[in-house]
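Trainee:
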Amino acid sequence: MSAYHDGLNAKLLDAIPPDARHVLELGCASGRLGEAFSRRHPGVRWTGIERDRDAAARAAAVLDAVHVRDIDRDGLVGIGEGFDTIVVGDLLEHLVQPEAALAALHDLSAPGARLVCCLPNGVHASVVERMLAGDFSYDPMGLLDRTHVRLYSPSSAFKLFLDGGWLPDLHDAYRVEPPAGPFVDALLRASESLGVPPASARHRLGLYQMIVVCSKWTITELSGAGPMAPFTVIVPVNRPGQFELNVARSPGLAEAGVQLVPVQGATSAAHAWREGVARAAHPWRVMLHQDVYCPVGSGFALSRRLGALQAAGVTMLPVGFAGLEAAGRGAVRYAGMVVDRTRLFAHPGSNAGASIDEFAVAMHADAVVEPDPSLGWHLWATDLCLQARALAGRDVAQILEVPLFHNSTTDHVLPAAFHESAARLLEKHPAHASIPTLCGELRRPGPGPGTVPAAAAFAGVA
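Numbered per my numbering, the sequence shown spans residues 652 to 1113.
Take a look at the structure:
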């Protein structure tokens, strides 16, 4: 019995939703995963696909159905439909056309389906070491398995999922930490020279395999009638390589035919906004961080959402993509959608935004609010919400559900500039005893700290 086809991935097994009832597994090998899940959760119907005939024959003895086929050559036609769960264990790296496979899985899965995947990290320290040594030889198994045809990093994997209509979240991982020493120290210094903090670089270098759980995104905006609004995208750029790999290559922006306006040398968000607006060809302007990737479907979705706001006469307010909604009696709850680094933030949109994150903000030419240059690069979007609230007498900022990927390399540590902007924001709005943001609740100086980490400030937030 081949060890290659007879393993059991315990973390992948644990990541499969316990309520799965109609499962399709790509690369089912000898069926051990489906057999183990069925013992835990009787009543599941498990269909497997396997290219190796001997392994498929063993799988047929323990699974409900097994199809022998080469997915790249034969596709997925005739496998079935309505699957509520798709399992892809260590297979995407073997496919020549993973994009086609993910798109097909989107079509044959049920609304609300989950996709559970395990795939290797091609930027693990061991792979980087081999590359730098100049000997990129492949192995019988492992990260450089000789049958792999694709290498993935967390970022490239997440872009692949998103472009296939799947909203990814890093559910778990296998880690193999590289030994401390001069080589790793040199890698961390090299990463820092590229603007990647050591903590972020160390996390990626020790990540061996990713266990990713995706939710199906039903792109309703791609069908049916509805107004569409063209828009200009403004991008402050100080790291051209990051801009090129994210915003500039975004298929969502290409599909919508947006006008892209890079702005270099800006000293604040307000400065970048003013320069971008001066060159904008459209009334709707969206300012994106240079590390934002807009996947397939997101440009059409955004054009439809902005068109609906315009048709409803809602053009004077700030529009965000992830933030906090006013929930009454001073309470707030999460709103909007973004894949932030490796975590999925997915909540309903809102027309009562109390705070929005700066990674993506839209405003129409009719907007009655504007970015404040004194806030620099932080909290200026929350200030737009407060400006709108002061004019309307209630929280009125808009927060949309459009899946964008904030492919940031930062390490979740708030810089000194953030705290300076927080102090300025509190000073600017003296009527507010505190101001909620996704980064924490801003509080006036007192016996405690000026800002509270989000986990402490929003414990219990829906």
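By construction, the Cβ of each residue, glycine as well, lies at the ideal position given by its N, Cα and C atoms.
Note that the structure is a prediction, hence the values are computed from the model and not measured.
So, under 8 Å CB-CB, F1120 and Q941 are touching, yes? Tell me the CB distance rounded to an integer number of Å.
Mentor: The structure shown does not extend to residue 1120, since the chain is modelled only from 652 to 1113, so the question has no answer here.
Trainee: Can you tell me which of the three DSSP states E676 falls into?
Mentor: Strand, per DSSP.
Trainee: Out of L770, G731 and G816, which has the shortest C-alpha to C-alpha gap to G763?
Mentor: Checked all of L770, G731 and G816; the closest Cα to G763 is G816.
Trainee: Excluding five sequence neighbours on each side, which residues of the same chain lie with their C-beta closer than 8 Å to the C-beta of H757?
Mentor: Same-chain partners within the cutoff: G815, G816, W817 and K867.
Trainee: Taking the alpha carbon of G694 as the reference point, which residue from E701, L714, R683 and A1082 has its own alpha carbon closest?
Mentor: Per the Cα distances, L714.
Trainee: Considering only residues of the same chain and omitting the five flanking positions on each side of W1001, which have a CB-CB separation below 6 Å?
Mentor: Here residue 1001 is Ser; the residue named in the question, Trp, does not match the sequence. Closer than 6 Å at Cβ, skipping near neighbours: E976, A986 and I1050.
Trainee: Taking just the CA atoms, how far does I737 sit from E676?
Mentor: Roughly 6 Å separates the two Cα atoms.
Trainee: Whose C-alpha, out of V965, P830, A917 and G731, is nearest the C-alpha of R853?
Mentor: Out of V965, P830, A917 and G731, P830 has the C-alpha closest to the C-alpha of R853.
Trainee: By Cβ distance below 7 Å, which residues in the same chain neighbour R1075 in space, the five residues on each side in sequence not counted?
Mentor: Only S1025 and L1026 meet the Cβ criterion.
Trainee: Are Q748 and D786 close, meaning C-beta to C-beta below 7 Å?
Mentor: Not closer than 7 Å, so no.
Trainee: For F809 and T993, I'd like the C-alpha separation in whole angstroms.
Mentor: Cα-Cα distance, rounded: 8 Å.
Trainee: Taking the C-alpha atoms as reference points, what is the distance between R984 and P934?
Mentor: For R984 and P934, the distance between alpha carbons rounds to 30 Å.
Trainee: So, are the CB atoms of A920 and W1028 less than 7 Å apart?
Mentor: In this structure, W1028 lies closer than 7 Å to A920 by Cβ.
Trainee: Give me the DSSP bridge partner(s) of I730.
Mentor: Answer is none; I730 lacks a bridge partner.
Trainee: Mind pulling the alpha helix (DSSP H) runs of 4 or more residues that sit fully within the stretch 993–1068?
Mentor: Runs found: 1031–1043.
Trainee: To test your reading of the DSSP string, which unbroken alpha helix (DSSP H) runs of 4 or more residues are found completely within the stretch 705–786?
Mentor: Those alpha helix (DSSP H) runs which fall completely within the stretch 705–786 and span 4+ residues are 722–725, 749–759 and 776–784.
Trainee: State the DSSP-derived secondary structure class of P1162, mapped to helix, strand or coil.
Mentor: Missing from the structure shown is residue 1162; the chain here goes from 652 to 1113 and no further.
Trainee: Let me make sure I understand the geometry here. Which of D703, D721, D725 and V767 has the alpha-carbon closest to that of F734?
Mentor: Closest by alpha carbon: V767.
Trainee: In its own chain, which residues sit with a C-beta less than 7 Å from the C-beta of L664, not counting the 5 before and 5 after it?
Mentor: So the qualifying residues of the chain are L684, A687 and F688.
Trainee: Tell me the rounded alpha-carbon separation between T869 and D725.
Mentor: Cα to Cα, T869 sits roughly 25 Å from D725.
Trainee: From the DSSP output, in three-state form, read off S788 for me.
Mentor: Coil.
Trainee: Using only CA atoms, which one of L953, F996 and A1043 lies nearest to V1012?
Mentor: Of the listed residues, the one whose Cα sits closest to V1012 is L953.
Trainee: Less than 7 Å between the C-beta atoms of R855 and V774, yes or no?
Mentor: The answer is yes: Cβ separation under 7 Å.
Trainee: Who does D820 pair with in a DSSP beta bridge?
Mentor: Answer is V864.
Trainee: Determine the extent of the alpha helix (DSSP H) in which P891 is found, giving its start and end residues.
Mentor: Unbroken alpha helix (DSSP H) run through P891: P891 to L896.
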